[in-house]
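J.: Here you go, one structure.
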């Protein structure tokens, strides 16, 4: 059993696939070169202590303490990890002190929260030698399984034999954890979900980079943003419920219904017609999961950046007008990036704030970042004070140090 464990865990860029994963859709993703580093050591106390350079306070979580409502505070993420691992693996989870340092902007839409969950779980699993247990090996048979299980720590769902717990209060999927754990350097990866399947890996243009503009509008899934996020998620569940009532089927995920027959999309449209929000949510899912993601992957594989940019613009349009997860600041940033010459640009992540990526030649990336931020700060001076930009390329997945 190890006394020390250290991990680098990247953030992720959701290139395309807005709110598709939890409905068994597909996404195009990569890891970022920025991330968080976690260094843990075992201690002889029944407690996990986490210190982060991004927060002034230390979090202390008793291994056997009753759950505390920590929603709205960053401690909710490590608390969810500890509670779930103890529930699933019992006394194998021991006390630890963990130091966290980050080059990843918080509440930026780059999945700093999911990176924290992945990293802390991997550290505690190492320290407890949990991967060698029969229960672990019986349930987690691939890296995709591993990512899905860690997603279930966040959303509270049961994974095979590993019983669910309360999670962090969002009903999300496994896209972020899959991107963090399964990405390849210098490639974008297309995944489908529920179950997680790698559908394609596409080489990223060698002379291009992503410039990511962090809007300064916080995208924390802890207050009103969580309620709006959950509306987008729960709408897919409501559509499936109405579909099952109308058809007698017992589908769990929206994409199961969509793929049940060639007529299913038209049937679904009839079933949700006239209801609040559901028709728009259905249409955005159909376009994003079945047209945008595969079309963009094909365009990038062919080296057709003009076509790629047009497809990404379509995704942004459906995000703004159908999914409804954008704010004026992210709408402006995407439009501004295209006006300034980016080959493609899109808001990404849960939405309701967060970030926008732009695809630009690497040689121009730093200059583009400054022009983009300057334009944004003129239009939105208040959030512009908190805005930042970073340059990244697809990086490696989470790995031990």
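Residue numbers (the UniProt record's numbering): 1 to 401. Note that the Cβ used here is the ideal one computed from N, Cα and C, for glycine as well.
(1) With DSSP as the reference, please indicate the residues paired to residue 209 in a beta bridge.
(2) Do the stretch 43-59 and the stretch 126-134 make contact, defined as three or more Cβ pairs closer than 8 Å?
(3) With a threshold of 16 other CB atoms inside 10 Å of the CB of residue 206, please say whether the residue is buried or exposed.
(4) Would you decide whether residue 401 is buried or exposed? Buried here means 16 or more other CB atoms lie within 10 Å of its CB.
(5) Note down, in chain order, each residue of its chain lying with its Cβ closer than 7 Å to the Cβ of residue 361, except the 5 sequence neighbours on either side.
(6) Which residues in the same chain have their Cβ closer than 7 Å to the Cβ of residue 150, if we skip the five residues on either side of it in sequence?
(7) Where in the UniProt domain "GHMP kinase C-terminal" (298-372) do unbroken runs of the alpha helix (DSSP H), each at least 4 residues long, occur, reported from the N-terminal end onward?
(8) Do you know offhand how far residue 343's Cα is from residue 357's?
(9) Looking only at C-alpha atoms, which of 393, 317, 378, 259 sits nearest to residue 387?
(10) Hey, residue 63 and residue 93: beta-carbon distance below 8 Å or not?
(11) Using CA atoms only, rank isn't needed, just tell me which of 285, 270, 263 is closest to residue 22.
(12) Using 8 Å as the Cβ pair cut-off and three pairs as the minimum, do the stretch 323-334 and the stretch 347-354 touch?
(13) Is the beta carbon of residue 252 closer than 8 Å to that of residue 26?
(14) Give me the Cα-Cα distance between residue 142 and residue 197, rounded to the nearest whole angstrom.
(15) Kindly list the residues whose CB is nearer than 6 Å to the CB of residue 300, restricted to its own chain and excluding five residues on each side of it in sequence; keep chain order.
(16) Using DSSP bridges, identify the partner residues of residue 91.
T.: For this structure:
(1) Locating residue 209 in the chain shown gives position 209, counting from the first residue. Bridge partners of residue 209: 360.
(2) Cβ pair count under 8 Å is below three, so no.
(3) Reading the chain shown from its first residue, position 206 is the one you call residue 206. Counting of Cβ neighbours within 10 angstroms places residue 206 among the exposed residues, the total staying below 16.
(4) Looking up residue 401 in the chain shown gives position 401. Exposed.
(5) Here the question's residue 361 lines up with position 361 in the chain shown. Result list for residue 361: 207, 208, in chain order.
(6) Along the chain shown, one-based indexing puts residue 150 at 150. The residues are 117, 118, 121, 177.
(7) 305-318, 328-339
(8) Position 343 of the chain shown, counted from the start, is the residue given in the question as residue 343. Position 357 of the chain shown, counted from the start, is the residue given in the question as residue 357. The alpha-carbon atoms of residue 343 and residue 357 are separated by roughly 11 Å.
(9) Sequence index remark: in the chain shown, residue 387 carries index 387 (1-based). Put simply, of 393, 317, 378, 259 the residue whose alpha carbon is nearest the alpha carbon of residue 387 is 378.
(10) As a working mapping, residue 63 is identified with position 63 in the chain shown. As a working mapping, residue 93 is identified with position 93 in the chain shown. Yes, the pair counts as a contact, with Cβ atoms nearer than the cut-off.
(11) On the chain shown, position 22 is the one that residue 22 refers to. Among 285, 270, 263, the Cα nearest to that of residue 22 is on 285.
(12) yes
(13) Position 26 of the chain shown, counting from 1, holds the residue named residue 26. Position 252 of the chain shown, counting from 1, holds the residue named residue 252. Taking 8 Å as the Cβ cut-off, residue 26 and residue 252 do not qualify as a contacting pair.
(14) Counting from 1 along the chain shown, the entry for residue 142 is found at position 142. Counting from 1 along the chain shown, the entry for residue 197 is found at position 197. Each residue's Cα considered, the two are about 11 Å apart.
(15) Indexing the chain shown from 1 puts residue 300 at position 300. 202, 308.
(16) Here residue 91 refers to the residue found at position 91 when the chain shown is read from its first residue. Paired residues: none, contrary to the question.
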